[in-house]
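Chain order of the listed sequences is A and B.
Here my numbering is used: the first residue of the first sequence is 6, the next is one more, and so on.
Here my numbering is used: the first residue of the second sequence is 2, the next is one more, and so on.
Cβ coordinates follow ideal geometry from the N, Cα and C atoms, glycine included.
Note that the structure is a prediction, hence the values are computed from the model and not measured.
Just below is one structure, and these are the notes that go with it.
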Amino acid sequence: AQSVTQPDIHITVSEGASLELRCNYSYGATPYLFWYVQSPGQGLQLLLKYFSGDTLVQGIKGFEAEFKRSQSSFNLRKPSVHWSDAAEYFCAVVPTGGFKTIFGAGTRLFVKA
Amino acid sequence: NAGVMQNPRHLVRRRGQEARLRCSPMKGHSHVYWYRQLPEEGLKFMVYLQKENIIDESGMPKERFSAEFPKEGPSILRIQQVVRGDSAAYFCASSPGGSKSYNEQFFGPGTRLTVL
């Protein structure tokens, strides 16, 4: 079945430390890939997206993600986390030629001082 | 260019009442999608509409839920006879259509429905 997996329900990192949030998908062909961030009670903000081309994608707020076809992964990274990054992060895919955005269950990020 | 607009942002209903959620897509967008986010979960697709047409409603509950996107005016998600399990955040997204940008959906701020 087609799915998006975010294996970590929550992650805690110290401010200034590096961050990696994992995302794996299971689709026959490479879908379009997205990362969104959601603060409590707020809407979704698009961090970055991958459609094709360079597999390392730069996004807003210092985030980047790397698409690895062999691992069916699209992990999100940030070299130095700020307290304001505490939020819920959703990986999402849209199958090529499709229209439904399929979301992972999310990873909640906690940042400690 | 204003983004996707949703109103109301918060809606409280008692069990058995009707809830109407409105979504105005971005200017120039003719495709609208509705998603539901239950507490502590990710978003789930509900329905995809183009002007005056429902393209895919495979994610809509079979009863009490309906959606429309008229020629003029916003898209409406309607929930009749609400129950506590309908409490969720409902997000609308829009896209302009076309091949490359077809899958790029822009999300609204959501409507948070609370059923008492």
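Asked, Found
"Among the residues of its own chain, which have a CB less than 7 Å from the CB of F108/B, if the five just before and after it don't count?", "V5, F92, A94"
"Select from the segment 41-52 of chain B all residues with a C-beta closer than 7 Å to any C-beta belonging to chain A, and list them in chain order.", "E42, G43, L44, F46, Y49"
"Determine the DSSP secondary structure at I14/A, reduced to helix, strand or coil.", "coil"
"Check whether the segment 66-81 of chain A touches the segment 21-37 of chain A, taking contact to mean three or more Cβ pairs, one atom from each stretch, closer than 8 Å.", "yes"
"Starting from the beta carbon of F157/B, find every residue of chain A whose beta carbon is closer than 8 Å, and list them in chain order.", "Residue 157/B lies beyond the stretch modelled for chain B, which goes from 2 to 117, so this question has no answer here."
"Among H87/A, I107/A, E25/A, whose alpha-carbon lies nearest the alpha-carbon of S8/A?", "I107/A"
"Short of 7 Å Cβ to Cβ, which residues in the segment 11-28 of chain A face chain B?", "none"
"Can you round the beta-carbon distance between I65/A and L81/A to whole angstroms, since I take them to be within the 8 Å contact cut?", "Incorrect: roughly 12 Å between the Cβ atoms, too far for contact."
"Hey, quick one: how far does the beta strand (DSSP E) through I77/B stretch, first residue to last?", "76-80"
"So if DSSP puts Q43/A in a beta bridge, which residue, or which two residues, is it bridged to?", "L49/A, E93/A"
"For R23/B, which of helix, strand or coil comes out of DSSP?", "strand"
"Where does L114/B fall in DSSP's three states?", "strand"
"I need the straight-line Cα distance from G103/A to A118/A, nearest angstrom please.", "42 Å"
"Can you list, in chain order, the residues of its chain whose CB lies under 7 Å from that of F56/A, leaving out five sequence neighbours each side?", "Y37"
"At the level of alpha carbons, what is the spacing between R27/A and E73/B?", "42 Å"
"Consult DSSP for S78/A and reduce its assignment to one of helix, strand or coil.", "strand"
"With a CB to CB cut of under 6 Å and the five nearest residues on each side skipped, what residues in its chain are close to R85/B?", "V116"
"Determine the DSSP secondary structure at S102/B, reduced to helix, strand or coil.", "Model confidence at S102/B stands at a pLDDT of 49, short of 50, so the residue's coordinates are unreliable and nothing is read from them."
"Cβ closer than 9 Å: which chain B residues qualify as neighbours of A110/A?", "E41, E42, G43"
"Using a Cβ-Cβ cut-off of 8 Å, state whether F66/B counts as contacting chain A.", "no"
"Does R10/B come out as helix, strand or coil in the three-state DSSP assignment?", "coil"
"Below 8 Å, how does it come out for the segment 17-25 of chain B and the segment 65-82 of chain B: are there three or more Cβ pairs, yes or no?", "yes"
"Would you grab the beta carbon distance between S78/A and N29/A for me? Rounded to a whole angstrom, and I think it's under 8 Å.", "5 Å"
"Can you tell me the Cβ-Cβ gap for K45/B and Y36/B, rounded? I've got them flagged as a contact below 8 Å.", "6 Å"
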